[in-house]
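Residue numbers (my numbering): 262 to 833.
The following block contains the structure:
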């Protein structure tokens, strides 16, 4: 995406490490085999979640043609991608007609059904309240959204995961005619694979994403409006329809992306907002005002935004609640206050330096505005050569704790599915449902005001698959360096235990075996990262209980730099 985007502070030029020895050929065989083996391990999890992916036996049913290799990515009106953006588009989909902005956005509430996304029994350490309970009374006023990024839906071409566009082009350093080769491929992770579908597969996949978010307790998505035409615009409309069809109470907050939208005309943006805002799924306040929350609102002046809001009111009959999201909240809060219902900021992606959120919430509330708090997992951007040290789950737990203790009104998970920045909460190949399941625990406390009771032992295991200083042996020349101000890089395995009562936890990290005592409740235990795989088992009364294994082995020799944390849970 954009080089100046998504940091919560001014961009810093990453200091690149000296180049490492290159080796001719990182030509796809090992990554593809690893992906296939990992996919096989996930078949059971996929089936339990209603995905039922079988890459070895499922026919390759494609509703539309596969994307042309090297086809240009057209953001917005079809121009060249902005600096730092993914190089190619989501695949063309001849079998899935582009929706109209009106008919498709209506959906059909009569088709609403929460099928295929219910958690398996015992997936969580607690019993998640039903959606109705989380949406009523005081809990219903505390809203949780996830930032939806349209370039990375569940599937780009309705092909089998062993040879789809993600595998062939985004995860492969040689993909898209080698345009991502210098940073080892565009992505390091991908959506949890889904089986090919007949009919309108894009619509069906978006419905599945809505069901998954709803099952986790989320109230809706914030929709990153990257363009006003083309495939990303089509997906915006289709997501509106999908949300309406699955659950009329699941809302989509409009977030015009001011780092990507190419218009200086307030009337053009107002018209697009009015069109999407006319969909029943568009998030409105109880008084009927349409919520508009532009990303990097400071890209335009408060006067410019005043004109947008006035055109919406006078020419489209749309009353708005303006909740601008800033990269620098402190510098712009005062000038935007007269036109704003509330504020938000993109925030930091490391567990250090989160204290500023306390100050921001207090400032917003002191001005009589609501505050939408960013909550994040991690951030690693190969194509920008920068990453934040997330400290296993420390960033996730810290940002959620601040949202709870600082009194935020709304929360935005940043992000649901931006795989190019490694910030995804959505179920993914390398993380399964671990981060989303953890979020359900903190979300319940945020909404209800009470910590949920832990009724079953559950373990979460996180680690990288390589050491922070490992030098890739493949053809990668642009390496990620720590962002200025982030925590110091660390090489650790974390066992995060949710226990109904005290117990011993037996661990194995490579050849190192150990046991630690964990109290009832939530406990984080850090272990040194070592080559090999990691696992943990709850032991109580001499009997083994909940077990978790992270199937991805750590190796000292790596072909591509990958500094995202991988995660697994004993609950699935």
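By construction, the Cβ of each residue, glycine as well, lies at the ideal position given by its N, Cα and C atoms.
1. Identify which residue in 611, 730 and 633 has its Cα closest to the Cα of residue 621.
2. Among the candidates 381, 386 and 382, whose CA atom is the shortest distance from the CA of residue 762?
3. With 16 as the cutoff for other CB atoms within 10 Å, does residue 512 come out buried or exposed?
4. Under three-state DSSP, which class holds residue 572?
5. Relative to the alpha-carbon of residue 553, which residue among 569, 560, 562 and 564 has its alpha-carbon at the smallest distance?
6. Does residue 642 pass the burial test, meaning 16 or more other C-beta atoms within 10 Å, or should it be called exposed?
7. Give me the Cα-Cα distance between residue 371 and residue 478, rounded to the nearest whole angstrom.
8. When DSSP builds the beta bridges, which residues end up paired with residue 787?
9. Tell me whether residue 766 sits in a helix, a strand or coil according to DSSP, three-state version.
10. In chain order, what residues of the same chain have a beta carbon less than 6 Å from the beta carbon of residue 813, not counting five sequence neighbours either side?
11. Under 8 Å, with one C-beta from each stretch per pair, do the region 647-656 and the region 589-604 reach the 3-pair mark?
12. Report the option in 787, 768, 771 and 759 whose CA atom is closest to the CA atom of residue 251.
13. With a Cβ-Cβ cutoff of 8 Å, do residue 203 and residue 809 count as a contact?
14. Thinking C-beta only, is residue 688 closer than 8 Å to residue 404?
15. Under the DSSP definition of a beta bridge, which residues are partnered with residue 782?
16. For residue 391, does the count of other Cβ atoms within 10 angstroms reach 16, so buried, or fall short, so exposed?
17. Taking the alpha-carbon positions, what's the residue 491 to residue 767 distance?
18. Just to confirm before moving on: does the CB-CB distance between residue 660 and residue 410 stay below 8 Å?
19. Taking the continuous alpha helix (DSSP H) assigned at residue 501, which residues delimit it?
20. Evaluate contact between the region 421-428 and the region 465-472, counting only Cβ atoms and requiring at least three cross-stretch pairs below 8 Å.
21. Please say whether residue 618 and residue 577 have beta carbons closer to each other than 8 Å?
22. In the structure shown, what three-state DSSP assignment does residue 626 receive?
23. By DSSP, does residue 441 sit in helix, in strand, or in coil?
24. When the Cβ atoms of the region 488-506 are set against those of the region 711-718, are three or more pairs found closer than 8 Å?
25. Along the chain, where does the alpha helix (DSSP H) containing residue 401 start, and where does it finish?
26. Helix, strand or coil for residue 820 per DSSP?
27. Using only CA atoms, which one of 690, 754 and 795 lies nearest to residue 415?
28. In the DSSP output, which residue or residues are listed as bridge partners for residue 668?
29. Helix, strand or coil for residue 347 per DSSP?
30. Taking all protein chains shown into account, decide if residue 817 is buried (16 or more other Cβ within 10 angstroms of its Cβ) or exposed.
31. Within the region 539-603, note down every full beta strand (DSSP E) run reaching 3 residues or more, in order along the chain.
32. Identify whether residue 277 lies in helix, strand or coil by the three-state DSSP scheme.
33. Find the nearest neighbour of residue 750 within the set 681, 832, 651 and 588, judged by alpha-carbon distance.
34. Could you tell me which residues DSSP puts in a beta bridge with residue 408?
35. Starting from residue 830, follow the beta strand (DSSP E) in both directions and report where the run begins and ends.
36. For the region 445-460 and the region 689-707, state whether three or more C-beta atom pairs, one from each stretch, are separated by less than 8 Å.
Reading it off the structure:
1. 633
2. 386
3. buried
4. helix
5. 569
6. buried
7. The pLDDT assigned to residue 371 is 44, lower than 50, so where the model puts this residue is not dependable; a value taken from the coordinates is nonetheless given after this. Rounded to whole angstroms, residue 371 to residue 478 spans 22 Å at the Cα level.
8. 755
9. strand
10. 726 and 827
11. no
12. Coverage of the chain is limited to positions 262 through 833, which leaves residue 251 absent and any answer about it impossible.
13. Not covered by the structure: residue 203. The range shown for the chain is 262 to 833.
14. no
15. 760
16. exposed
17. 52 Å
18. no
19. 491-507
20. no
21. no
22. helix
23. coil
24. no
25. 398-402
26. coil
27. 690
28. None, per the DSSP bridge assignment.
29. Low confidence applies here, because residue 347 scores a pLDDT of 37, under 50, leaving its location unreliable; read the following figure in that light. Coil.
30. exposed
31. 551-553 and 581-583
32. At residue 277, the pLDDT of 29 sits below 50, so the modelled position is not reliable; the number obtained from the coordinates is stated separately. In this structure, residue 277 counts as coil in the three-state DSSP scheme.
33. 651
34. 483
35. 827-830
36. yes
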